[in-house]
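Heads up: the structure comes next, in structure tokens.
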Amino acid sequence: MKKRSTTVFIQCIASLFALALLAPTPFAAELTAAEIMKQVDDRYTGDTSYSDAVLTLIDNKDRQRVRNLAMYGQTKDDVEKAVIFFTTPADVKGTAYMSFDWEDENKEDDTWLYLPALQKIKRIASTDESGSFMGSDFSYTDINGTDYPDFTYTMEKESEMVDGHDCWVIISTPKNEEVIDKTGYTQTKSWVRKDILIVVKGIINVKRGKRVKYFSASELEQIDGVWTAKKLQMITTRNNKKEHASVLVVNNTRYNQGVDEEIFTTQAMQRGL
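Residue numbers (mature numbering (1 follows the signal peptide of the UniProt record, and there is no 0)): -28 to -1, 1 to 245.
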């Protein structure tokens, strides 16, 4: 199956757990950077998934805005589907985001955003994926993931410790300007835990404004056999100063307990939960 690369983060909304929900894979010696990232990309994250989540947006004065989400995912032979519903507060309640990641590389992946204030469903073009997702530091690229073949991978360090765990440090570089324009990123450095192949830390160079993003995945737990990061953080900086930060805390995660097929429709996005 064509899979989105986990060079940036979140997946399960077709990628909202993208960097973080990775199945354990035995350590193999002398893997190349590309082989390691392919194993990360080929992780198993369940046939279906559900999670509650709290998304906190933090400005440069540490003022916070909180968003509550419900996230659903489903993987079938030809497509990975994901949908997110915003449940509170009132100003975003009813907003929904859905993505289909098709196996066929010649078939354009589909993404939709429903804004209840406008009572309108908007399709997100691939050229808009570098934009901010609902005012957060996660872009649509981070939510949707990126295509593994679009990058070259270089081993920067064979070993570096992060929170007491040995990691590879791998550089992911877009192969051409088209990929840079689509993702908005010029380079990503990832720290991959060797024992379970989870990206636990990342530094991302942003093309626009020469910003730098800092990603972390923490509070790791094995749920229904799937390693899950229960806390994801992204911090955006410019000139070494924090501009904004976003923290996603994931709760009540369930895998392989079934999801109603009808929830992955534009009609369901409009109806809400």
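For every residue, glycine included, the Cβ atom is placed at its ideal position computed from N, Cα and C.
If we count the other Cβ atoms within 10 Å of its Cβ and call it buried at 16 or more, is residue i buried or exposed?
| i | result |
| --- | --- |
| Asn223 | exposed |
| Asp50 | exposed |
| Arg15 | buried |
| Gln205 | buried |
| Arg39 | buried |
| Ser71 | buried |
| Ser131 | exposed |
| Thr99 | exposed |
| Ala68 | buried |
| Arg165 | buried |
| Met9 | buried |
| Thr238 | exposed |
| Thr4 | exposed |
Compare the Cα-Cα distances from residue i to each of the options and report the closest residue.
| i | options | result |
| --- | --- | --- |
| Lys179 | Glu191, Arg210, Glu7 | Arg210 |
| Asp232 | Tyr186, Leu29, Val12, Gln46 | Gln46 |
| Thr59 | Phe187, Met43, Phe72, Gln229 | Met43 |
| His137 | Ile176, Ser190, Glu149, Ile175 | Ser190 |
| Phe57 | Asn32, Arg165, Trp84 | Trp84 |
| Ile168 | Ile152, Glu193, Ile176, Ser21 | Glu193 |
| Ala97 | Thr4, Leu87, Glu80, Leu90 | Glu80 |
| Val64 | Leu87, Glu52, Lys53 | Leu87 |
| Thr160 | Arg95, Tyr125, Val134, Lys154 | Tyr125 |
When DSSP labels each residue in this structure, what does residue i get in the three-state scheme?
| i | result |
| --- | --- |
| Gln229 | coil |
| Met106 | coil |
| Ala6 | helix |
| Val51 | strand |
| Pro88 | coil |
| Pro121 | helix |
| Arg35 | coil |
| Gly66 | coil |
| Gly174 | strand |
| Ile168 | coil |
| Asn224 | strand |
| Glu215 | strand |
| Phe(-2) | Interpretation of Phe(-2) is limited by its pLDDT of 47, a score under 50 that renders its predicted location unreliable; no figure is taken from the coordinates. |
| Leu(-7) | Note that Leu(-7) scores 38 on pLDDT, short of 50, meaning its location in the model is unreliable; the coordinates nonetheless yield the value given after this. Strand. |
| Ile115 | helix |
| Lys202 | strand |
My assumption, with CB atoms under 8 angstroms, is that residue i sits in contact with residue j. Please give the rounded CB distance.
| i | j | result |
| --- | --- | --- |
| Val198 | Gly66 | That pair is no contact at about 29 angstroms. |
| Asn32 | Lys214 | 6 angstroms |
| Glu101 | Thr155 | 7 angstroms |
| Val55 | Phe236 | 6 angstroms |
| Tyr22 | Arg183 | Contact doesn't hold; Cβ gap of about 33 angstroms is too wide. |
| residue 248 | Val12 | This structure does not reach residue 248, given that the chain is present from -28 up to 245, and the question cannot be answered. |
> Are the segment 103 to 111 and the segment 138 to 149 touching, with three or more C-beta to C-beta distances below 8 angstroms?
Replying inline: Touching, no.
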